[in-house]
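These notes are about the structure you will find just below.
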Amino acid sequence: MVTATRSAERTAEAATKPRRRQSERWRGRAAVVLLRVAVIVVAGVLWQLLSGPVLPEYAVSKPTDVVDALWKFLQSPQGWTDIKTTSIEILAGFGIGVVLGTVAGLVLGSFRLLGQVLEPLIAAINGIPKIALAPLFLLFFGIGIWSKIAIAVTGVSFVVFYNIYLGLRLRQRELVEIVQVMGGRRHHVLGYVTIPTLAAPFFAALKTSGPLAILGVIGAEFIASAEGVGHELFVAASNLDAPNEFAGLIVLVVMTLILNGILSSLDAYALKKLGLAGRRRGRKS
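Mind the numbering: the sequence shown is residues 313 to 597 in our numbering, read in order.
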């Protein structure tokens, strides 16, 4: 009777452990979110108090003025046109860059001689600052969206290429030989060795190249553009309009957070489907 009671207690305790762990995780996440909000609030209050008496208001503005400028920007049709234009340029440049970088990485990584010949040339081209190519792309594609897309493509494609290329080179040859010895064909090697090996560096490249796409687009819009968030930032800076400058920066921060959140969710989902999420957690621990 005593043994049965103890067994029931242990079973109940084992059942409540996952709930406790989940509750502790939620509490930890809530505490982190609250601390982040507290930091933002404190920074805003200090900004409001120091602007004028300590910091020059014409250069840093005030949070109240920035909120007012942001509200006017979001209420105007031109503001949403700028956001739409910049979003299209970022997404198109990011998507095309990912495709080009992936294809180039797979081809040069699969054919060793071709990789040895072209990899130094690609490294030399990658050494050129991407923003320095903006005037050249303006000559080729004009002042429209395609010149901005081309700048974003150059930044994204090189990052994706190197992650895929190096991932293929670091692929364990022993695992490939084992699959081949067991009668596996190319699609078996692809499914059991290549894709699991390249999944982590590929999604790491996506999260790294997302901000680079935004940086390239905004830099190109600064140089020459008729619309876009970067264009509005350039106009505000030229007019010494600090509130609109900070409002545009807030829009860019939100766009970056949205893109990074989408890529992080895609990363977690894909690794879970491939059965690699547990391996990543094991490395972190």
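Glycine included, every Cβ here is placed at the ideal spot set by N, Cα and C.
In this model, glycine 407 and tryptophan 383 are separated by some 31 Å (Cα to Cα). Distance from the CA atom of leucine 362 to the CA atom of proline 375, rounded to whole angstroms, is 11 Å. The alpha-carbon separation between aspartate 380 and threonine 568 amounts to approximately 22 Å. Threonine 393 and serine 550 have their alpha carbons spaced roughly 21 Å apart. The residue among Pro555, Lys585, Ala559, Val465 with its C-alpha nearest the C-alpha of isoleucine 395 is Ala559. Cα atoms of glutamate 431 and leucine 561: separation of roughly 37 Å, rounded to the nearest angstrom. The three-state secondary structure of leucine 386, taken from DSSP, is helix. Leucine 445 is bridged by DSSP to nothing; it lacks a bridge partner. Here DSSP, grouped into helix, strand and coil, assigns serine 373 to coil.
When only Cα atoms are considered, leucine 412 and lysine 585 end up about 25 Å apart.
Taking all protein chains in view, the Cβ of glycine 391 is crowded by 16 or more other Cβ atoms within 10 Å, so the residue is classified as buried. Your pair alanine 516 and asparagine 475 checks out as a contact, with CB atoms roughly 6 Å apart and the cut at 8 Å.
A straight-line Cα-Cα distance of about 32 Å links leucine 518 and proline 555.
Cβ contact annotation for alanine 538 (same chain, cutoff 7 Å, sequence separation greater than five): Ile455, in chain order.
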